[in-house]
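Number of protein chains: 2
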Amino acid sequence: MKKLINDPADVVAEALVGMEAAHGDRLRIDYEHKVIYRKDAPRQGKVGLISGGGSGHEPLHGGYVGPGMLDAACCGEVFTSPVPDQLLAATTEVDGGAGVLHIVKNYTGDVMNFEMAAELAAAESAVEVRSVVVDDDVAVQDSLYTAGRRGVGTTVILEKLVGAAAESGRSLDEVAALADRVNAAGRSMGLALTSCTVPAAGKPTFELGEDEMELGIGIHGEPGRKRVPLASAREAAQLLVDPILTDLPYGTGDSVIAMVNGMGGTPLIELYLMYGEVHRLLEQAGIGIARCLVGNYITSLEMAGCSVTLVKADDEFVDLWDAPVNTPGLRWGA
Amino acid sequence: MKKLINDPADVVAEALVGMEAAHGDRLRIDYEHKVIYRKDAPRQGKVGLISGGGSGHEPLHGGYVGPGMLDAACCGEVFTSPVPDQLLAATTEVDGGAGVLHIVKNYTGDVMNFEMAAELAAAESAVEVRSVVVDDDVAVQDSLYTAGRRGVGTTVILEKLVGAAAESGRSLDEVAALADRVNAAGRSMGLALTSCTVPAAGKPTFELGEDEMELGIGIHGEPGRKRVPLASAREAAQLLVDPILTDLPYGTGDSVIAMVNGMGGTPLIELYLMYGEVHRLLEQAGIGIARCLVGNYITSLEMAGCSVTLVKADDEFVDLWDAPVNTPGLRWGA
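Keeping their order, the protein sequence lines are chains A and B. Everything in the first sequence is counted per the numbering used here, starting at -6 for the first residue and increasing by one. Everything in the second sequence is counted per the numbering used here, starting at -6 for the first residue and increasing by one.
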């Protein structure tokens, strides 16, 4: 295992030290609960937004804390759900009287622990909590850690859109309804060229032959649809885009926010090359790209590979996308 | 070789297609010369800023084209200098009557080809050209493709500071003098945990044992100072920071712009952990960090590893750093 770490047991806590050192002007850290807060949280009258999950997917979620996006991110151990105590602490802390939205990726442990925290927060502190469970991965119906579809790339776009809505003063009902609409409009699929190594495990999560790729990979290395021979970028783009387009479905005249996301170990030059292929396929299908992201936004440690996410976008979504955001991972207009 | 590409010969050109598809609102591409232009270049009366070099270091340089940074980036083949024709085309194109600054990383081919282009531009089109050669890598004196020190991470910070100065209307003399001052104030050093594979070569540039790292690595995989046993993040940070601090030197009371940069294949969680270590070492040395970057800013394809860059920064540098920038790779205040 070749990693820039000290003790594998300390990776998450020590990365938080670096986050605070780098972004202490905007963020503060609760080291006891491993929560990254927007420095000025809670904001009175603003709906509080919390996400979280296993670590190892950075910049998700801690990199999306800040004005225009999340109020808090709860960091589990690498590829491990955060526990209810963390989520409860964050829920209580960010409530500014307007209630709190939990943004949950659909993995069994995450869903269960967020639910428990919501119940405890309601009972102990009378915080009104809603939640959205993101389940956008078209690859497989159930998975290693998931009943139903896995939550992946749409989470990034949802956190941006819902973050803008909360910032503008919308109510908890409105923000929760928007979150559901974004999730319903988003679909993703990914592939892996290599595995990744969880520090505490010390060896690759799975094995993949030199001439193979895993189509429909999960962000923790969960099995996808099938192993296929290593394909060209052109073929790979089609293998990802076709299942997405037929699923929602998306069609001629639709407009989308598109993301070509790296899994952590794929060079940016390859991600731009892939984006060119995805763009061509959408153009052929008569689908317009209103806004896009190309880069590493929801990763799986050092895994090589990429995913494609499309969120069908009306004018409201595009306006929310364009609103100012000031986080370590996404920043514009601020 | 596991890469998301089509034909290895087409990687650079096809990545440019993706760049234009993603950022066509701000950038335009000259496919014949493989140059990425700021869409509104040339700007009358503004000093034109050009950089370039081998591809495979993205987001450098194409990701730094846009308002507040570069006017053009010339893309060589992967790890190969751009040719004089490309550089000449860009120099002529971005001249808005105030002259052009070439920002050159110190590699023999780059220096030679930029010089040739500067002479041709002066002779053929009467464009006034100055150049700065960045040579900030403290690892080795001469290297595989370099007489003198290699140009690495300081290039990113220089392009930002000089970009802000050019945007504010400073003259060519002033911008060139600033570029020299930034280069003189910057030092870097890197290490690699793994090699990378150039698409056209199809096999790793070098071999490195499972228990080794290359200290002082170049961004093309050039040999560093020595191979050392794989170290902890704490030790690795010291091995990078100590040679930098003693070189300039930096000392108590100094203020710096600091970058912990990933080589392309190292997860962001490890880069933040490393930043925490670097921050601690600088604090111990009495050095303040005025601004910082943590992430993949000057890469070596999918190489695992990182580099540290420090630029000694006065108030002027910090003000230029904070000025608005709107590029694919760096964006704030815009």
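The beta carbon of each residue, even a glycine, is placed where N, CA and C say it ideally should be.
Closest Cα partner of residue i within the set the options
i	options	result
residue 159/B	52/B, 303/B, 90/B	90/B
residue 27/A	286/A, 40/A, 46/A	46/A
residue 212/A	185/A, 242/A, 196/A	185/A
residue 81/A	59/A, 112/A, 51/A	112/A
residue 319/B	99/B, 125/B, 153/B, 5/B	153/B
residue 199/B	187/B, 247/B, 124/B	187/B
residue 25/B	9/B, 258/B, 218/B	9/B
residue 140/A	105/A, 161/A, 252/A, 287/A	105/A
residue 174/A	102/A, 305/A, 276/A	305/A
residue 220/B	226/B, 210/B, 228/B	210/B
residue 246/A	237/A, 276/A, 233/A	276/A
residue 218/A	5/A, 40/A, 50/A, 142/A	142/A
residue 214/B	263/B, 171/B, 293/B, 74/B	293/B
residue 254/B	234/B, 237/B, 269/B, 299/B	299/B
residue 12/A	308/B, 295/B, 273/B, 323/B	273/B
residue 216/A	130/A, 107/A, 4/A	130/A
residue 127/B	95/B, 58/B, 157/B	95/B
residue 1/B	195/B, 167/B, 202/B, 38/B	195/B
residue 256/A	155/A, 67/A, 118/A, 189/A	189/A
residue 155/A	-5/A, 39/A, 78/A, 109/A	39/A
residue 79/A	224/A, 108/A, 125/A	108/A
residue 151/A	171/A, 132/A, 161/A, 167/A	171/A
residue 166/B	205/B, 235/B, 288/B, 121/B	121/B
residue 260/B	238/A, 233/A, 288/A, 271/A	288/A
residue 114/B	138/B, 103/B, 125/B, 83/B	83/B
Alpha-carbon to alpha-carbon, residue j and residue i
i	j	result
residue 177/A	residue 310/A	13 Å
residue 72/A	residue 297/A	17 Å
residue 325/B	residue 86/A	29 Å
residue 301/B	residue 164/A	44 Å
residue 76/B	residue 43/B	14 Å
residue 240/B	residue 14/B	43 Å
residue 244/A	residue 280/A	6 Å
residue 101/B	residue 134/B	13 Å
residue 22/B	residue 312/A	28 Å
residue 116/A	residue 327/A	38 Å
residue 192/B	residue 55/A	34 Å
residue 321/B	residue 65/B	13 Å
residue 148/A	residue 144/B	38 Å
residue 182/B	residue 88/A	44 Å
residue 34/B	residue 286/A	24 Å
residue 258/A	residue 303/B	25 Å
residue 231/B	residue 207/B	14 Å
residue 7/B	residue 269/A	7 Å
residue 136/A	residue 19/B	41 Å
residue 338/B	residue 179/B	In the structure as shown, chain B begins at -6 and stops at 327. Residue 338/B is therefore absent and cannot be evaluated.
residue 348/B	residue 146/B	The question about residue 348/B has no answer here: the residues shown for chain B are numbered -6 through 327.
residue 68/A	residue 29/A	8 Å
Nearest-angstrom Cβ-Cβ length linking residue i and residue j, presumed shorter than 8 Å
i	j	result
residue -3/B	residue 267/A	5 Å
residue 283/A	residue 250/A	6 Å
residue 52/B	residue 290/B	6 Å
residue 59/A	residue 31/A	6 Å
residue 380/A	residue 48/A	There is no way to answer for residue 380/A, as the model of chain A reaches only from -6 to 327.
Any chain C beta carbon closer than 7 Å to residue i
i	result
residue -2/A	Note that chain C does not occur in the displayed structure, where the protein chains are A and B.
Proximity test, residue i beta-carbon vs the ligand COA heavy atom, cut-off 6 Å
i	result
residue 33/B	With respect to small molecules bound, the structure shown includes none, and the ligand COA cannot be examined in it.
Query raised in the report: Which residues, in chain order, does the segment 43 to 65 of chain A contribute to contact with chain B at a C-beta distance below 7 Å?
Result: 48, 49, 51, 52
**Report entry** Residues in the segment 1 to 14 of chain B having any Cβ partner in chain A nearer than 7 Å
**Finding:** 4, 7, 8, 10, 11, 12, 14
Report task. Quick one: which residues of the segment 295 to 324 of chain B get their C-beta closer than 7 Å to a C-beta of chain A? List them in chain order. Result -> 295, 297, 299, 324
**Report entry** Residues, ordered as in the chain, of the segment 248 to 271 of chain A that lie near chain B by beta-carbon distance below 7 Å
**Finding:** 257, 258, 259, 260, 261, 262, 263, 265, 266, 267, 268, 269
Query - the segment 82 to 110 of chain A: positions lying closer than 9 Å to chain B by Cβ - result: none
**Report entry** Contact residues within the segment 217 to 229 of chain B, judged by C-beta distance below 7 Å to chain A
**Finding:** 223, 225, 226, 227, 229
Requested in this report: List in chain order: all unbroken beta strand (DSSP E) runs of 3+ residues lying wholly within the segment 281 to 313 of chain B.
Outcome: 281 to 288, 298 to 305
**Report entry** Near-chain B residues of the segment 160 to 185 of chain A (beta-carbon distance less than 7 Å), N- to C-terminal order
**Finding:** none
Requested in this report: At 4 residues or longer, and completely inside the segment 99 to 185 of chain A: list those alpha helix (DSSP H) runs for me, N to C.
Outcome: 101 to 118, 147 to 160, 165 to 178
Query - chain A contacts made by the segment 141 to 154 of chain B, where a contact means CB separation under 8 Å - result: none
Query raised in the report: What alpha helix (DSSP H) runs, 4 residues minimum, are completely inside the segment 209 to 295 of chain B?
Result: 226 to 240, 261 to 277
Requested in this report: Identify every run of the beta strand (DSSP E) within the segment -4 to 45 of chain A, keeping only runs that are complete inside it and at least 3 residues long; order them along the chain.
Outcome: 20 to 23, 28 to 31
Report task. Compile a chain-ordered list of the residues in the segment 15 to 27 of chain A whose CB is closer than 7 Å to at least one CB of chain B. Result -> 15
Query raised in the report: Residues in the segment 279 to 291 of chain B with C-beta within 9 Å of chain A's C-beta atoms, listed in sequence order?
Result: 282, 285, 286, 287, 288, 289
**Report entry** In chain order, each beta strand (DSSP E) run of at least 3 residues that lies wholly inside the segment 50 to 82 of chain B
**Finding:** 65 to 71
Requested in this report: Check distances from the C-beta atoms of the segment 235 to 248 of chain B to those of chain A and list, in chain order, the residues that come in under 9 Å.
Outcome: none
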